[in-house]
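Residue numbers (full-length UniProt numbering): 1 to 318.
Each remark here refers to the structure printed beneath this line.
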Amino acid sequence: RKVKANNIEYNAQFKYHNNYISTSKYNFLTFLPLNLFEQFTRLANVYFLFLLILQLIPQISSLNWMTTVIPLVFVLLISALKDSVDDIQRHRSDSMVNNRLSWVLRGGQLVEAKWQTVVVGDIIKMENDQFVAADLLLLSASEPNSLCYIETAELDGETNLKVKQALVETAEMEDNISLLSQFDGLVTCEPPNNILSRFEGRLEYNGQVYSLDNDKILLRGCVLRNTEWCFGMVIFAGRDTKLMMNSGKTKFKRTHIDRLMNVLIIGVSVLLYFMFQCSLTKLKNEFVNEMLLEKCYDDTLPNEIRLNHLHLIVFIIT
Numbered sequence: 001r002k003v004k005a006n007n008i009e010y011n012a013q014f015k016y017h018n019n020y021i022s023t024s025k026y027n028f029l030t031f032l033p034l035n036l037f038e039q040f041t042r043l044a045n046v047y048f049l050f051l052l053i054l055q056l057i058p059q060i061s062s063l064n065w066m067t068t069v070i071p072l073v074f075v076l077l078i079s080a081l082k083d084s085v086d087d088i089q090r091h092r093s094d095s096m097v098n099n100r101l102s103w104v105l106r107g108g109q110l111v112e113a114k115w116q117t118v119v120v121g122d123i124i125k126m127e128n129d130q131f132v133a134a135d136l137l138l139l140s141a142s143e144p145n146s147l148c149y150i151e152t153a154e155l156d157g158e159t160n161l162k163v164k165q166a167l168v169e170t171a172e173m174e175d176n177i178s179l180l181s182q183f184d185g186l187v188t189c190e191p192p193n194n195i196l197s198r199f200e201g202r203l204e205y206n207g208q209v210y211s212l213d214n215d216k217i218l219l220r221g222c223v224l225r226n227t228e229w230c231f232g233m234v235i236f237a238g239r240d241t242k243l244m245m246n247s248g249k250t251k252f253k254r255t256h257i258d259r260l261m262n263v264l265i266i267g268v269s270v271l272l273y274f275m276f277q278c279s280l281t282k283l284k285n286e287f288v289n290e291m292l293l294e295k296c297y298d299d300t301l302p303n304e305i306r307l308n309h310l311h312l313i314v315f316i317i318t
């Protein structure tokens with residue numbers, strides 16, 4: 001990956017992600033089909049749907065179809081309601097994060113911008129106790145030797161502060177907006193990945209090449225501590241940040257109970273099929289005229305005879 005500071009046109013050719021994030025599973029259009037698909041990955045729901053279809057056939061139904069449709073719809077609605085509430089919370093959380101404000105260097109001056117508008121190559125000013133907006137290359141900091149301290153509890157659960165240090169060549173810019181606006185360093189680094197403890201790259205600046213490692217990177221989700229201010233250049237934004245690469249896409253999760261129910265439904269289905277075969281065998285033996293059973297599926301016979309097998313299936317299942 002190549003990123004040039006303060007050069008939107010250069011970075012735009014690579015079509016990097018902006019800093020907008022989304023952890024939600026659904027939107028208005030996809031909620032119904034996706035949620036129904038997820039719910040019918042539960043074999044219990046498939047079983048009762050199959051039973052409902054059989055009960056909708058008047059010739060073979062032994063029970064009112066309402067006895068199955070009401071419980072099934074009730075279960076689907078309750079699950080959908082729960083999933084929608086959870087996803088609304090995700091949307092709200094995403095909106096809150098995307099609309100956080102940071103100081104971004106634009107047009108030679110610092111302006112407050114929403115996180116979601118930050119792009120790769122931007123230079124951001126972070127202040128004490130602020131969350132880091134994206135994965136940044138540390139350029140300068142207020143502390144001696146251009147050190148800064150970060151808390152990474154949201155990333156790895158550790159509460160001990162970690163120390164980061166900027167390159168001497170960029171630290172000389174300090175908080176001089178004019179110098180930072182003129183900074184045109186080119187960073188060449190590894191592609192986005194989820195390894196928190198590693199970063200490999202180099203910075204080309206003023207005709208020199210400088211090696212970069214993880215000690216010079218501030219990751220999204222970290223909090224700046226005991227440091228009045230620092231400036232950083234956005235290397236990875238949004239979905240490309242290590243925080244988002246580790247969180248991954250929100251997926252449908254099966255609980256232990258769901259997996260157990262699927263096994264039980266398979267077991268019950270096998271048992272019912274075995275019972276059906278046993279009953280059918282006995283029924284065959286009790287027919288006085290064995291040829292009658294052989295003609296059960298003959299289209300010339302009455303419906304009542306041809307539907308004997310389906311009657312038996314429905315009777316056993318219900």
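Glycine residues also receive a C-beta, built at the ideal position from the N, C-alpha and C atoms.
Here the structure is a predicted model, which means the values were calculated and not measured.
Taking a contact to mean a Cβ-Cβ separation below 8 Å, would you say residue i touches residue j in this structure?
i: residue 197; j: residue 105; result: no
i: residue 203; j: residue 164; result: no
i: residue 240; j: residue 7; result: no
i: residue 265; j: residue 44; result: yes
i: residue 133; j: residue 118; result: yes
i: residue 149; j: residue 87; result: no
i: residue 188; j: residue 2; result: yes
i: residue 216; j: residue 161; result: no
Comparing alpha-carbon positions, which option in the options lies nearest residue i?
i: residue 122; options: 135, 239, 209; result: 135
i: residue 195; options: 266, 245, 93; result: 245
i: residue 231; options: 42, 190, 96, 143; result: 143
i: residue 15; options: 201, 238, 179; result: 238
i: residue 46; options: 12, 118, 73; result: 73
i: residue 129; options: 99, 34, 226; result: 226
i: residue 67; options: 57, 52, 58; result: 52
i: residue 243; options: 216, 277, 192; result: 192
i: residue 24; options: 147, 205, 89; result: 89
i: residue 98; options: 108, 147, 22, 268; result: 22
i: residue 131; options: 157, 100, 190; result: 100
i: residue 233; options: 247, 127, 32, 186; result: 186
Can you grab the Cα-Cα spacing for the pair residue i / residue j, in whole Å?
i: residue 48; j: residue 93; result: 36 Å
i: residue 177; j: residue 4; result: 17 Å
i: residue 50; j: residue 64; result: 15 Å
i: residue 95; j: residue 20; result: 9 Å
i: residue 55; j: residue 279; result: 20 Å
i: residue 228; j: residue 235; result: 22 Å
i: residue 113; j: residue 120; result: 14 Å
i: residue 139; j: residue 34; result: 45 Å
i: residue 91; j: residue 272; result: 44 Å
i: residue 70; j: residue 255; result: 24 Å
i: residue 269; j: residue 84; result: 31 Å
i: residue 108; j: residue 115; result: 19 Å
i: residue 75; j: residue 58; result: 25 Å
i: residue 17; j: residue 125; result: 20 Å
i: residue 174; j: residue 147; result: 11 Å
i: residue 281; j: residue 32; result: 44 Å
i: residue 172; j: residue 205; result: 13 Å
Quick check on residue i: buried or exposed, where buried means 16 or more other Cβ atoms within 10 Å of its Cβ?
i: residue 30; result: exposed
i: residue 207; result: exposed
i: residue 199; result: buried
i: residue 288; result: Residue placement at residue 288 is poorly supported in this model, since its pLDDT is 44, which falls under 50; the coordinates are not used for a value here.
i: residue 110; result: buried
i: residue 275; result: exposed
i: residue 11; result: buried
i: residue 157; result: exposed
Cβ pair count under 8 Å reaching 3, the segment 257 to 266 against the segment 167 to 175: Result no; under three Cβ-Cβ pairs closer than 8 Å.
Three-pair Cβ contact test at 8 Å for the segment 145 to 163 versus the segment 217 to 232: Contact between the segment 145 to 163 and the segment 217 to 232 is present, because at least three Cβ pairs lie under 8 Å.
Inter-stretch contact (C-beta, 8 Å, three-pair minimum) for the segment 84 to 104 and the segment 208 to 215: Because the criterion of three Cβ pairs below 8 Å is not met, the segment 84 to 104 and the segment 208 to 215 do not touch.
Segment contact flag, the segment 32 to 43 with the segment 72 to 82, C-beta cutoff 8 Å, min 3 pairs: By the Cβ criterion, the segment 32 to 43 is in contact with the segment 72 to 82, since at least three pairs of Cβ atoms, one from each stretch, lie closer than 8 Å.
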